[in-house]
Each structure stands twice: as structure tokens, then as C-alpha cells.
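Participant:
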Amino acid sequence: MVSLNKITKKGKAMYLAYDQGLEHGPIEFNDKNVDPKYIIEIAKKGKYSGVIFQKGVAEKYNAEIKKSKVPLIIKLNGKTSLYKGEPMSEQLCTVKEAIKLGAKAVGYTIYLGSQHEWKMMGEFENILREAHEKNIPVILWAYPRGRSIEGKSEIELMNYSARTALEIGADMVKLHFKGELKDLKWAVKSAGKTKLVVAGGAKTNEEEFLSQIKEIMSSGAIGIAIGRNIWQHEKPLEISKKVREIVFR
Amino acid sequence: MVSLNKITKKGKAMYLAYDQGLEHGPIEFNDKNVDPKYIIEIAKKGKYSGVIFQKGVAEKYNAEIKKSKVPLIIKLNGKTSLYKGEPMSEQLCTVKEAIKLGAKAVGYTIYLGSQHEWKMMGEFENILREAHEKNIPVILWAYPRGRSIEGKSEIELMNYSARTALEIGADMVKLHFKGELKDLKWAVKSAGKTKLVVAGGAKTNEEEFLSQIKEIMSSGAIGIAIGRNIWQHEKPLEISKKVREIVFR
Amino acid sequence: MVSLNKITKKGKAMYLAYDQGLEHGPIEFNDKNVDPKYIIEIAKKGKYSGVIFQKGVAEKYNAEIKKSKVPLIIKLNGKTSLYKGEPMSEQLCTVKEAIKLGAKAVGYTIYLGSQHEWKMMGEFENILREAHEKNIPVILWAYPRGRSIEGKSEIELMNYSARTALEIGADMVKLHFKGELKDLKWAVKSAGKTKLVVAGGAKTNEEEFLSQIKEIMSSGAIGIAIGRNIWQHEKPLEISKKVREIVFR
Amino acid sequence: MVSLNKITKKGKAMYLAYDQGLEHGPIEFNDKNVDPKYIIEIAKKGKYSGVIFQKGVAEKYNAEIKKSKVPLIIKLNGKTSLYKGEPMSEQLCTVKEAIKLGAKAVGYTIYLGSQHEWKMMGEFENILREAHEKNIPVILWAYPRGRSIEGKSEIELMNYSARTALEIGADMVKLHFKGELKDLKWAVKSAGKTKLVVAGGAKTNEEEFLSQIKEIMSSGAIGIAIGRNIWQHEKPLEISKKVREIVFR
Amino acid sequence: MVSLNKITKKGKAMYLAYDQGLEHGPIEFNDKNVDPKYIIEIAKKGKYSGVIFQKGVAEKYNAEIKKSKVPLIIKLNGKTSLYKGEPMSEQLCTVKEAIKLGAKAVGYTIYLGSQHEWKMMGEFENILREAHEKNIPVILWAYPRGRSIEGKSEIELMNYSARTALEIGADMVKLHFKGELKDLKWAVKSAGKTKLVVAGGAKTNEEEFLSQIKEIMSSGAIGIAIGRNIWQHEKPLEISKKVREIVFR
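Chains as they are written, first to last, in this note's numbering: chain A, 1 to 249; chain B, 1001 to 1249; chain C, 2001 to 2249; chain D, 3001 to 3249; chain E, 4001 to 4249.
What follows is the structure in C-alpha cells.
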């Protein structure tokens, strides 16, 4: 089995996600955090277990990333949020390129339930094959999306996401936490030997944010992948420290 | 012709199917059977002729599977049940990978009658070609599905499934038994030299379950592929023993 | 030009078609003719110029076919009749595989007028290229089908089918005879150097069946490809003999 | 730049087109002109700069074509007229095959404005690349077609066709002449270094036909590609001679 | 990182775009500017940092281009404006071909928000990979288009375009300037290390045109890609000179 050592510390993980520029547009950014260098700085000083970039950022800011020594995780597929139909996220970077850019792990989104699910499933497997041959772990962004999932229980969708990651061979799954602690615990169980990290979301109240991380870390999940709650924060290093103390407690 | 020796005993077969995690989600599981190790244990102690996993499970639990010595059957394609349109199940594991993971046979689903039937037919044939070159038997999950089959006779669909398996070259066909014993006998005849195993289904009353297996084994079918009626059972080894005594009588 | 010698006698041909199991399902069969061995027996004793199987049957019954010495024609594509939309028939066997199985010719269906016509046209050409390199003749099943042909003259469609076969390079075309003798003669002319054989159909009255074959053989067509009128017949060898005497007169 | 010498005389061209069998069906033919040998005879005696066939005809009548010494132009893609939706014409012959059959140039249709325009554009470019490597000129059949062009000015469409041919790299463009002489002159200008030949059409009055050719030849177009007005003519050699005297005046 | 030296002077750029023949048709042209040689002349005498052509023009006028010494930028994909549905622009020239034709950079359009966005994204990445291996810069034409973007803020779309270019790895982005100077400044920031050039548009009033270029050059954008405002101008060299003085001030 592929080792997660390079992107975990004592089996725990705290990732700084910064692929929102492609997925949502620069509407999420301000004058500071629009700059990838600002993020690399936070990732470094905040002692993150990894920083998540698209290929373009990883390539153009490669010197800065390497200097920071923060483990690089490249998100291999992506799309803009502009198209309104059934979501499809295409591969934009090969495993080989990712390795050349210094990636310690790669990520890939599957929109479960989309009309294009099968295309992403197939592309994911090709990536998995190549990554495992090179000993690179693969993180699945497991996101149910599209017309077919309307009205479905969000808790069931979370659990289904976790299980799908195991079944299709992901080394780690990144998903949205819905429901209560017991539900997340069940998702962790469903994922079996596939490790689970919880994805962040829009910026929220700090207290609530930290309390949720505590809950997550008590569920058996190995960590979190957060973005806006950190780099939209006025004092990103302070909040990072608080998070870190929970995650690596 | 490819030999079925490694996945049959005296020409009969009893497979433990466990790909429901991807096809239905963990909603089928409880705290015990959510764990692939529990299933491997049943497969071993229940003396199954094979255990059916998706690649992810086969890879992450490979040590346990190998230790159990239960013949591994990898289901090469799969999909979630979330998408509501015409079903398409994409290849998620190559024959080469399956062999590397120790598989003694591979499986593939074709949703007959789906708008995407032709894609699955074509993918199946590529798999068949490679598998036969490596002397690995191929089991077709022949499942009529999609808008076009609404209102069709389930017995005719069963027979059509059996025959399709022969025509397109499957070594074994796994299908749902509909109708009476005479109908299943006709399906067996329709499948010719392609061996037929009956797929299980949702958990049912034990007596009915065992009585149906007797009927199946008297039809000329060589066995069964069962899942939920075993691993959702309170005493999976006891029920396995009862099934085994019928199948290998 | 590729020689038709191995699948004709004195320039005439009489083929026994048996791909209905995939195209229509076993609904066409009875206890006897459901068995490919029964068909091989008829083909042999009925002195057919060729017997037409899908790859699956050709592979599983290869010993019997070889022993019979009836020239084997493998139908390279196929589909079930379940899907109700625009027809698409995917390649299920390569030319290389067909040759390995002993095929003396290969067949391929194009559903002219289907939304997928172009895919089948393209696939046909790849097959033609490879087959001609290996000196294997290619028979086109030219079948107008799909929403677009509704209301079109069947005679014109027959003629268009014949001509298409010549234009795209088929060595032989198999089509349905519509209209009168003069119409079939025109189809033969339209096909130019591409040889024409008439496809059979549902079982009909014997007298009518034989009389139609006489008409066909007087049109310039080189023969017929028949199935149900033979193997659904109570005395297949008797009717085969009568047909043979007309075809090879 | 690829030389047009083999398919022009003194920079002028007069092609005999005969791909209507695939594009329209044999409905265009009579007992004489249904036979490709009749067309080869006209092309030879009529001293055409080239004769245009689909691969099937080029292959089956290759001996006759070679003997005639008329330069062979193979149309690389084609479709029947049966399908009613957005037109797509698939590649049916490779450049390599065309060369093997003795082709001095190849042709390809793009239905500009079709939903499938991009597929044909992409396929065209692959053909162009291979053809130019082998020093074979490529003629673009530039035909606006499909739902999107309804109501558009035919003159503008003609000009757009001419320009597209230049932009995407065709060595020659074959298009339908719409409007007046000044419009065709503008099309010739729009095509720049890409040579322009005018496509014929349904059989028309002879006087009108010849007068139009005079107009064409005065526009800067280098010639014409005609079919039905020749081989549907009672005296094809007489009319060919009249055309020839205009084109090569 | 790939150097932009060959297509910039002192870090600034002024490109003459001439791919409108394919994208809009010759409706944009007059008797002079319909001729690529006229454009090459302007590019040379106007001291442009690059001239943008489709492959066809680059190939047929290659001698003239080389003689002019204006850096050649080949636009690798394109489509006509005829099709009314979701836009898709297919690759028409490989990186290898572009290099052979002497290109110093290549361009590619992605219609962000189109149903086909993912296909263009994927094709773009393959181009980027090959180009970067050969040290050739890639310019992204980032154009939001299609049904999904109706009603969206044009300023946000501009910013999203800029950011997408960075995220997916373009070396330069060409986009339409919408809104005020502050908005363009934000787009420049969003693009990070990806350089931004502003695309021209339909011919406008000269004063307004020049004043807009001043604004653009004060935003941090490195330059402009203009076409119709130059080659539709009565005195293209005069206006080029005025532009040049602003851009390279």
C-alpha cells in the first residue's frame, strides 16, 4: 500500500486548500490572498501537512513552494463554476507532470451522481494506476453533484462518498461533513482503510469552526483540508495555530 | 477454452459478492459487515469458491485476501446508484491489475438495453480478449436496465441475458432468476457452453432463500453469487454451511 | 481484390446465419436449435458455403466448427434488440481474433440512416483495412434503420444499401430484398463489383420461400444468407437440399 | 507548399465527380452511369484533370482507373443522405490507403455550421498533416449545412467557406457558387493562395451550364468539379469537350 | 518557466491578430486586408511583437512571414461562427507543426462556461505540456461563452478568465477588458505570474481606442492583441505608430 508519510504527521493531516481560484473564481480573494505567495507563506509558517494547488500555480510558483518545504499536493482535475449542466471535471495535469513539479500526492474530483460520473471514474482509475506505480498517494475529492442527487439525504451522500473512495481505490478521501458526529464516524468506518479528511467550506464563525474540527478529529478522520477559513482570516497564522493544536493534539 | 477450475469445485460454484458498497452505498452495511475483513473471514470459513470485490477493496485488503486463500474475483467495472439516467458502468480496473492483485477471474457488468449498451459491449470485448490471452475467465453480470426495457417480460429478459453472454463470449454469466424452474432451465440452455450462476438479491426469508438455491441447482446452473443473504445474516457461517451443502451436494 | 473463393462455390453462396441469439434473443429458438451444435450439423450436412456466428459461439464451439469444415464467417459487431433509440452496433471481435478462430470472412452491420451511422462507417473502414491486409473478405450487413428512414421507399433503401456497400468498399453486401425482381436487379447493378447476397427473415411458407430464392438467383445476386427458414424448419436438411439445388443450379 | 501539378493542367482543373452513389444513392444513376467503368471512360476520353471516387470504387475498379491514366482523387469521408439530424461525415479512407490506391490528391468534406463541425475540422487537420508529409494535395469540400445556417445569406456562406479553406490549410476548396460573378471573385480573393474550384449540382440546361462555367473561369477560380451534368448527359463526351474548351481556353 | 522574450520587448507586447477570417468570415475584410500579405506588411512596418495566424495562413504565407521577421504566433484551435449551440473550438494545428512553421508562441481558446469547457481544458493541457517541453509559451484566449453565462457580470467573468489562465498554467492570457481601470487591475492581480494582454474588438473611434490602450498599459497588463482597429484602418501604419508609442513608452 502506498505510504501517506510524506503528507501526514503522526498519522494526522492538515491541508491548506487553494484551488478556489479555478473552482469559484477570484471572487473569493482579496488583495492579499489573491497571491499564491501569501498562501505558501501561511502554509509554511502554519506548519501545514500539505498545500493544494492546481498545476498552473504549482508550476509558476514552484521555486517558492520548494523553498517553503511544504509538501505539495496537486489537484489533477478542475473546472470553472460557470457551466450550469451536469458537472464534468477534466484532467489538467498528469501524474508524471505532478511528480516533476515535486508533488507528494495528487488529488482528483469525482462528481458522484453526475451524468459524467463514469468518465471521471475511468479517468480516476488511470491516474490511480500510474500514481501507485510511482508510489504517490491519490486523494479523492468525493462530491455528489448534479440533477440526480436532488432531494437525497446529505448524510447518506456523505457515507456513500466515503465508501466509494474505498471501493475505487483512493488512498484518502476528502468530503463534506454533514450531520452529526455519529454520522461522520460511520463515514470513517465505511471508508475502511481509506483515510478520511474533511473538506472546509465558506468562511464561518471561528468558534464554530474550531469546535467542528474538534468533532472531526474525534471521529476517526485523520484531518482536514481547509482554505477560506484560513486565508480569508485576518490573522491566518493565529487561527492555523489553533487548528494545529487540535489536529495534532 | 479458458478453464474455470480455479473458481469452481467439481464444476459447482458459490461466490460471496461484496460490491454493494459501490453499487448501493454503505446503506446495506452494519457495523460488522462494513468491514471487508469480516467478509473475507466469512468467505474463508464458509468455503466459498470465490469472493467478489472491487479493485479498491482488493488492493487495500490484499494481504488479508491472500492469507485467506479464497479465490479472488475482481469486478472490473462499477458505478454508484446515484445517477438516474441511462446506466453506464465504466471499467475501473484492468485485467493486468487484477492479475497483479491475485485475481483468478474477473467480472464485468453490461446493462443490456441501456443507451450505453454498445460502450459496455465494446469494453467487455477488450477485457475478454486480454483475459483470455492470460487464461483468466470472464464473468458477465448481464443486467437488463434502462428506459427501453420497461414493460418487458422479466423471463424473456433473463433468457436474453443468458444468451447474450454466450454470443459475446463470456465464460460465465451472472443473472437474476425470474419466473419458474422451467424458465431458468431454458436460460441455462440458452447460455450453451457459457456457465450460469444466479445472482442473489436483497435479504429474504431463510427458508425461501435455501429453497430457491435448491431450485437453482436443479436447473443446470452451476451455482450462485450471493451477498446480502449471507453477510447481513446474524450467523453467516451457519447459513453458508446450509447453502454449501446444497450447492456442492 | 480480395478473393471470395473460400466462401463461394462456382461464384455462388448459401450461408447459414445464426446471430439471432444476440440480435433477437433466444425467443427465436426451440430446444433443438438453441444449441449451436445443431446448427453446425445442419451447415455441414446441408453443404452451406458458410456459417455465420458471433465471436462467443465461434470460440466456445470452435472444435465442432473446425471439425465440420464449414467455412466460418464471424459477425464482428452486434447488439441486443432491447434499446429503443437510434441503433448502434459496436465491434465485438477484431479481425485478428476472427482469423485466429479460423474465420474465412467477417461481417459487419451498418445501420444506414442511424444517428450513429458515422461511427459504424468509421469502424467498418478500420475493419476493412485490416481484413484486406490479411486477405479476408468483408461482408456488409447494410440495414437502413432509425427515425430518419421512416416513410422512405423500401425499394430505394434497398438500392441505396447496395450502392453504399460498393462505395465504402465491402466485398459483399447482405441486404433485405424489397419490391420486385427488377428492383433487385437494379440493386445488383448498383452494387457493381461488390457481390450481393439476400438476407432471409422470419420463417415463411416453404413454397413462397423457395420461389423467392429462385427469383433472387435470377437477379444477379450471388446467393443468400438464411437462418430461421432453415433451423426453425422441422426438416432442415430437406429444405437445405431444395435451396441448394436452386442456388448452385 | 504542396504542388497541384498532378491534378491541374496549366493551372486549370476540370474534375469529374462521382461520389453521388454514397451521398445521394443510386437514384441519380441510370443503367449506364451506374457503372464506374462508364465514368472512367468519360474521364479518360473527356481528358479530365481528375476523377473523384470513394475508396470502395477506387479499390474495386483500380485496374481500370490505372489503365485510364486519369489522375485519381479519393474522397476520404462520406455519409449517406438518410440521417436527418446535424450532418457528420466520417473518414472512410486513410491518406496512406489513398496513396496505395494511386491517388494524386485527396478530398474531405466539412459541413460548416454543423454541430459536428469541430469533429470534422479536427479530422481534416490530421489528414492535412499526413497528406502534406507525403506531398499529396488536400481538397476541402466546404459545405455549410445544418440547423444553424438556416436563413443565412448564401453569398456570405460561400465566402466564409472559401476563407475557411485558407485558414485551416486546404490546398484547394470546392464549393457551391451562389450569387453573381463579383461574389465569386470575392470568394476567390478570400481563399487567397488556396485554389478554388466550383462544385456542380443537379443536371441543368446545357446552355446555362456552359455559360456558368465561362463565368466561373473568369472569376479567378481555377476550375470546376462536375458530375451529373456530364454523366447524366446523353452525350457526355460532347459536353465534356465544350466544357474543356472553356476551362483550358 | 518558459521565457516570453521572443514575443515581448522590454516586457511589453503588441500583437497583430488576424484569425478573424476563420472566426467571423471574410465579412470583416476589404479588398486590401483580405490578403495576408497586407497584414504581414503592417506587422513588419508597424513593429509588432507578434502576428497571430491560423495554421493555413502560416503555412501558405510562410515565406512572407519569415522574410518579415515578425514573430509568428499560431492560433492552434478555431471554429467558424456558424454553429449556434454551445461553442467548441477544436485543435487544428499541433505544437510540433507550429514549431516547424516557425512559431515563437502558440495560442488556444477556451470558451469558459461552455458545455464543452472540459474538452477544451483537456486539450489545452496537452498542448501546454508539449509546448513547455519545447520551451514555447502558450497564450490562452479566455473567453466566457455559452448559455450558462447569460446574465453574469462581465467584470466577474473577466476576472475569472484571468484567474483561470493562471490556475491552468497559461503563460499569457488574452481577454476582453470590461469595466473600469480598477477592474482590469484586479484581473492583472488575479492572473498572478501569468501575463495579461487585452484583446481588441470591433473597430472603434480612434481617440477612444488610443485612450483605452493608455488605460490598459497603466493597469499592469503587458500589452494588447489588436486586429480590426489596425487593419481596417485607412492608415494602419500611422495608427500602429500611435499605439506603439503608448505600449512601449
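Quick reminder that beta carbons are idealized off the backbone N, C-alpha and C, glycines included.
(1) Straight-line CA distance for VAL1070 (chain B) to GLY146 (chain A)?
(2) Hey, could you find the ends of the alpha helix (DSSP H) GLN277 (chain A) is sitting in?
(3) If we require 3 or more residues per run, which beta strand (DSSP E) segments fall completely within the stretch 1035 to 1117 of chain B?
(4) Tell me which same chain residues have a C-beta within less than 8 Å of the C-beta of ILE246 (chain A), skipping the five on either side of it?
(5) Using a threshold of 9 Å, state whether the C-beta atoms of LYS2119 (chain C) and TRP2141 (chain C) are closer than that.
(6) Quick one: Cα of LEU4072 (chain E) to Cα of ILE4065 (chain E), how far?
(7) Run the CB neighbour count on ASN1135 (chain B), radius 10 Å, all protein chains shown included, and call it buried at 16 or more, exposed below.
(8) When you compare each of B:ALA1170, B:GLU1167, B:TYR1160 to LEU1184 (chain B) by their alpha carbons, which one comes out closest?
(9) Using the three-state DSSP reduction, which class does MET4001 (chain E) fall into: helix, strand or coil?
(10) Does TYR160 (chain A) come out as helix, strand or coil in the three-state DSSP assignment?
(11) Is any beta-carbon of chain B found at less than 9 Å from that of THR2080 (chain C)?
(12) Residue range of the alpha helix (DSSP H) that ILE246 (chain A) falls in?
(13) Go ahead and pull the three-state DSSP assignment for ILE1230 (chain B).
(14) Spatial neighbours of GLY4113 (chain E) within its chain, please: C-beta separation below 6 Å, excluding the five flanking residues on both sides.
(15) Sorted by chain position, which residues of the same chain lie with C-beta nearer than 6 Å to LEU4128 (chain E)'s C-beta, five sequence neighbours on each side aside?
(16) When you compare only the Cα positions, how much space is there between LYS3012 (chain D) and PHE4053 (chain E)?
(17) Listed from N- to C-terminal order along the chain, which residues in the stretch 130 to 143 of chain A have their beta-carbon within a distance smaller than 9 Å of any beta-carbon of chain B?
(18) Which bits of chain C does GLN1091 (chain B) rub up against, with CB to CB less than 7 Å?
(19) Below 8 Å on C-beta distance, what does TYR3083 (chain D) contact in chain C?
(20) Using beta carbons (cut-off 9 Å, strictly below), is GLN1212 (chain B) in contact with chain A?
(21) Once you ignore the five residues that flank PRO1026 (chain B) on each side, which residues in its own chain have a CB closer than 8 Å to its CB?
(22) Is LYS2055 (chain C) close to chain B? Criterion is C-beta to C-beta, closer than 9 Å.
(23) Do LEU4004 (chain E) and MET4172 (chain E) have their C-beta atoms closer together than 9 Å?
(24) Taking beta-carbon pairs under 7 Å, can you tell me which members of the stretch 3147 to 3166 of chain D lie near chain E?
(25) At a cut of 8 Å, does the stretch 4181 to 4201 of chain E reach the stretch 3231 to 3249 of chain D through at least three beta carbon pairs?
(26) Buried or exposed for GLU1167 (chain B), please, with buried defined as at least 16 other CB atoms from any protein chain shown within 10 angstroms of its CB.
(27) Determine whether the beta carbon atoms of LEU4076 (chain E) and ALA4098 (chain E) lie at a separation below 9 Å.
(28) Just checking: is the beta-carbon of LEU22 (chain A) within a distance shorter than 9 Å of some beta-carbon in chain E?
(29) Beta carbon of ASN1205 (chain B): closer than 8 Å to some heavy atom of the ligand FMN?
(30) Can you find a CB in chain B that lies within less than 9 Å of the CB of LYS2066 (chain C)?
(31) Tell me TYR2015 (chain C)'s beta-bridge partners as DSSP assigns them.
(32) Counting only runs that start and end within the stretch 1157 to 1213 of chain B, where is the beta strand (DSSP E) found for 3 or more residues in a row?
(33) Count the other CB atoms within 10 Å of the CB of GLY3021 (chain D); is the residue buried (16 or more) or exposed (fewer)?
(34) So, LYS3182 (chain D) versus MET3001 (chain D), is the Cβ gap smaller than 9 Å?
(35) Since LEU2092 (chain C) and GLY2102 (chain C) should fall inside the 8 Å C-beta cutoff, what is the C-beta to C-beta distance between them, to a whole number of angstroms?
(36) Using only the alpha-carbon positions, how far apart do PHE2124 (chain C) and HIS2132 (chain C) sit?
Facilitator: Per the coordinate set shown:
(1) 39 Å
(2) Summary: the structure shown does not reach residue 277 (chain A), with chain A confined to residues 1 through 249, and so no result is reported for it.
(3) 1050 to 1054, 1072 to 1075, 1103 to 1110
(4) Around ILE246 (chain A): LEU210, ILE213, LYS214, MET217.
(5) no
(6) 7 Å
(7) exposed
(8) Ranking the options by Cα distance to LEU1184 (chain B), first place goes to B:TYR1160.
(9) coil
(10) helix
(11) yes
(12) 236 to 247
(13) helix
(14) PRO4144, GLY4146, SER4148, ILE4149
(15) VAL4138, GLY4169
(16) 29 Å
(17) HIS132
(18) Within chain C, not a single residue places a beta-carbon under 7 Å from that of GLN1091 (chain B); the smallest gap is close to 15 Å.
(19) The answer, in chain order, is GLY2113, SER2114, GLN2115, GLU2117, GLY2146, SER2148.
(20) No, no contact with chain A.
(21) The beta carbon of PRO1026 (chain B) sits closer than 8 Å to those of VAL1034, all from its chain and outside the five residues before and after it, given in chain order.
(22) Closer than 9 Å to some Cβ of chain B, the Cβ of LYS2055 (chain C) qualifies, so yes.
(23) Going by C-beta atoms, LEU4004 (chain E) is nearer than 9 Å to MET4172 (chain E).
(24) SER3148, ILE3149, GLU3156, ASN3159, TYR3160, ARG3163, THR3164, LEU3166
(25) no
(26) Result: buried.
(27) yes
(28) yes
(29) Among the ligands in the structure shown, none appear at all, so the ligand FMN cannot be discussed.
(30) no
(31) Beta-bridge analysis with DSSP links TYR2015 (chain C) to C:GLY2050, C:ALA2225.
(32) 1172 to 1175, 1195 to 1199
(33) buried
(34) Not closer than 9 Å, so no.
(35) GLY2102 (chain C) and LEU2092 (chain C) do not touch by the CB rule: their CB atoms are close to 17 Å apart, not below 8 Å.
(36) Their Cα atoms are separated by approximately 12 Å.
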